[in-house]
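Quick note: to get this note's numbering, add 162 to the position in the sequence shown (first position is 1).
Beta carbons are placed, not taken as given, at the ideal position from N, Cα and C, and that holds for glycine.
Note that the structure is predicted; figures quoted are calculated from it, not measured.
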Amino acid sequence: MALKITVIGTGYLGATHAAAMAELGFEVLGLDVVPEKIEMLSAGRVPMYEPGLEDLLRKHVAGIEGSSGRLRFTTSWEEIGAFGDVHFVCVNTPQKHGEYACDMSYVESAFDSLAPQLGRAALVVGKSTVPVGSAERLARRLTELAPAGGEVELAWNPEFLREGFAVQDTLHPDRIVVGTGSERAEKVLREVYATPVGEGSPFIVTDFPTAELVKTAANSFLATKISFINAMAEVCEAAGGDVVKLAEAIGYDERIGRKFLRAGIGFGGGCLPKDIRAFMARAGELGADQALTFLREVDSINMRRRGHMVELAREAVGGDSSFLGKRVAVLGATFKPDSDDVRDSPALNVAGQIHLQGGQVTVYDPKGMDNARRLFPTLGYAGSALEAVRGADVVLHLTEWREFRELDPEELGGAVTRRLILDGRNALDPAVWRGAGWTYRAMGRPRA
Ligand code: UDX
Numbered sequence: 163m164a165l166k167i168t169v170i171g172t173g174y175l176g177a178t179h180a181a182a183m184a185e186l187g188f189e190v191l192g193l194d195v196v197p198e199k200i201e202m203l204s205a206g207r208v209p210m211y212e213p214g215l216e217d218l219l220r221k222h223v224a225g226i227e228g229s230s231g232r233l234r235f236t237t238s239w240e241e242i243g244a245f246g247d248v249h250f251v252c253v254n255t256p257q258k259h260g261e262y263a264c265d266m267s268y269v270e271s272a273f274d275s276l277a278p279q280l281g282r283a284a285l286v287v288g289k290s291t292v293p294v295g296s297a298e299r300l301a302r303r304l305t306e307l308a309p310a311g312g313e314v315e316l317a318w319n320p321e322f323l324r325e326g327f328a329v330q331d332t333l334h335p336d337r338i339v340v341g342t343g344s345e346r347a348e349k350v351l352r353e354v355y356a357t358p359v360g361e362g363s364p365f366i367v368t369d370f371p372t373a374e375l376v377k378t379a380a381n382s383f384l385a386t387k388i389s390f391i392n393a394m395a396e397v398c399e400a401a402g403g404d405v406v407k408l409a410e411a412i413g414y415d416e417r418i419g420r421k422f423l424r425a426g427i428g429f430g431g432g433c434l435p436k437d438i439r440a441f442m443a444r445a446g447e448l449g450a451d452q453a454l455t456f457l458r459e460v461d462s463i464n465m466r467r468r469g470h471m472v473e474l475a476r477e478a479v480g481g482d483s484s485f486l487g488k489r490v491a492v493l494g495a496t497f498k499p500d501s502d503d504v505r506d507s508p509a510l511n512v513a514g515q516i517h518l519q520g521g522q523v524t525v526y527d528p529k530g531m532d533n534a535r536r537l538f539p540t541l542g543y544a545g546s547a548l549e550a551v552r553g554a555d556v557v558l559h560l561t562e563w564r565e566f567r568e569l570d571p572e573e574l575g576g577a578v579t580r581r582l583i584l585d586g587r588n589a590l591d592p593a594v595w596r597g598a599g600w601t602y603r604a605m606g607r608p609r610a
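1. Assign residue 246 to buried or exposed, taking buried as 16 or more other Cβ atoms, counted over all protein chains shown, within 10 Å of its Cβ.
2. Helix, strand or coil: how does DSSP classify residue 522 here?
3. Within 10 angstroms of its Cβ, does residue 452 collect 16 or more other Cβ (buried), or is it exposed?
4. When the Cα atoms are used, what is the spatial distance from residue 337 to residue 355?
5. Whole-angstrom Cβ separation of residue 512 and residue 427, contact assumed at under 8 Å?
6. Cα separation between residue 557 and residue 583?
7. Quick check on the burial criterion: 16 or more other C-beta atoms within 10 angstroms. Buried or exposed for residue 308?
8. Write down the C-beta distance between residue 257 and residue 439 rounded to the nearest angstrom, noting that I regard them as a contact closer than 8 Å.
9. Applying the criterion that 16 or more other CB atoms from any shown protein chain within 10 Å of the CB defines a buried residue, is residue 243 buried or exposed?
10. Write down every uninterrupted run of the beta strand (DSSP E) in the region 190–239 whose length is 3 residues or greater and which is fully enclosed by it, in chain order.
11. Residue 337 by DSSP, collapsed to three states: which one?
12. Could you tell me the alpha carbon to alpha carbon distance between residue 422 and residue 335, rounded to whole angstroms?
13. I need the DSSP call for residue 365, collapsed to helix, strand or coil.
14. Measure the alpha-carbon distance for residue 376 versus residue 320 and round it to whole angstroms.
15. Using only the heavy atoms of the ligand UDX, determine whether one of them is closer than 7 Å to the beta carbon of residue 319.
16. With distance defined between alpha-carbon atoms, name the residue in 498, 434, 474, 241 nearest to residue 458.
17. Drop a sphere of 10 angstroms on the beta-carbon of residue 414, count the other beta-carbons inside from all chains shown, and report buried for 16 or more, exposed for fewer.
18. Going by DSSP, what residues sit across from residue 315 in a beta bridge?
19. Report whether the distance from the Cβ of residue 388 to the nearest heavy atom of the ligand UDX is below 7 Å.
20. Nearer than 7 Å: is that true of the beta carbon of residue 457 relative to any heavy atom of the ligand SAM?
Structure follows, in structure tokens:
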């Protein structure tokens, strides 16, 4: 009989995973402790902007006309326990307030609520990003608390999805990593992932600690790559070089590769910043802190980019100590394009800093306006890029949405006070903007 799957936690990870499991042909029951989320999802609506996700959801949510009916949602742990053969735990592990370590309380409470409902053989699969050592502890806890005892097993199966590509990354993962010591658990997960494995996704079986570490190691490497190129941008600025050309040239070396070498205002979001910090905190607990001291530097190079953009903007509007009386247009609020996520967004951070220093900031973002407003209600917001730049002394391009690359510099030029643009993502074409009479400046590139 086909496996029945539950998904616990319906954020980016869980909502996408649940819809993807239904797409792969399984009966799926998703749970969240927030009833409003369950109502939305049950009506086929996604609580965040993620390309393709709503369509996939509507294709499978029970009760929607023409759907497969394989996907349902609930707030009942009892129902989850009775329904599932495989339970995926997809809850969030945010950074703790005032500490580097991550907050495991959602994971702990998911396991504590699920375990007592497990009265028959089941496989629990952790997907959340957790400090190494968590899986072993959680496995013991499951056996203690589950009525079915040793019949309940745990596997750790980290998730590598990128926001903006969540559906594609979940349906066609570039690798599937499974931490488990049990052949039975491995067999079940091979069945769950038979389709992507059949299409060629590598299936890598490891022990618990390795599976947990793969995730944090991958994100640390990506963060390091971005901070490396941003460090090169600093040197290019000092030496008069061009970091975009430099990245292109070193990227042709296959050992280096061109991806994740875009210099700019750096990385943000709900993953990279908190994952490298939690990794440092955990290494410290394990007595291996020296191994990761370089991540402190990666973090500080990254945070310095935001301050550097503020300084470039200050210099651009007059060079004295404050932004008082200056109008600053900010294009972009999300931490990256094709997402409405503003968590630890470099763009919003820069906008906020300038506002707090007296600048009159007006922000426009294609999808992140509601979230930005909620986080930073005191900033000015406009309904379009053109509206945002009206009367601006300087325009900051801080998130590389396609919409911004397609802007007409001539039209925008008619609305601003001064044709001055700072490209915080090295994503606009300098020749086009300069050709329309703009002063174009970017990070790590020579001034023309
Ligand atoms: C990341 C990982 O890529 C993903 O595998 C993991 O599962 C979760 O964390 P995500 O947070 O969606 O995914 O964003 P990502 O695409 O990695 O970008 C992170 C940040 O780095 C963004 O703010 C982006 O603007 C920035 N970035 C990315 C750069 O500044 N330069 C680059 O070259 C690439």
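Looking at the coordinates:
1. buried
2. Reduced to three states, the DSSP call for residue 522 is strand.
3. Label assigned to residue 452: exposed.
4. 11 Å
5. 6 Å
6. 5 Å
7. buried
8. The Cβ separation is near 6 Å, so the contact holds.
9. That one is buried.
10. 233–236
11. coil
12. 18 Å
13. strand
14. 8 Å
15. Distances taken from the Cβ of residue 319 to the heavy atoms of the ligand UDX include none shorter than 7 Å.
16. 434
17. exposed
18. 285
19. yes
20. As far as ligands go, the structure on display features the ligand UDX and does not contain the ligand SAM.
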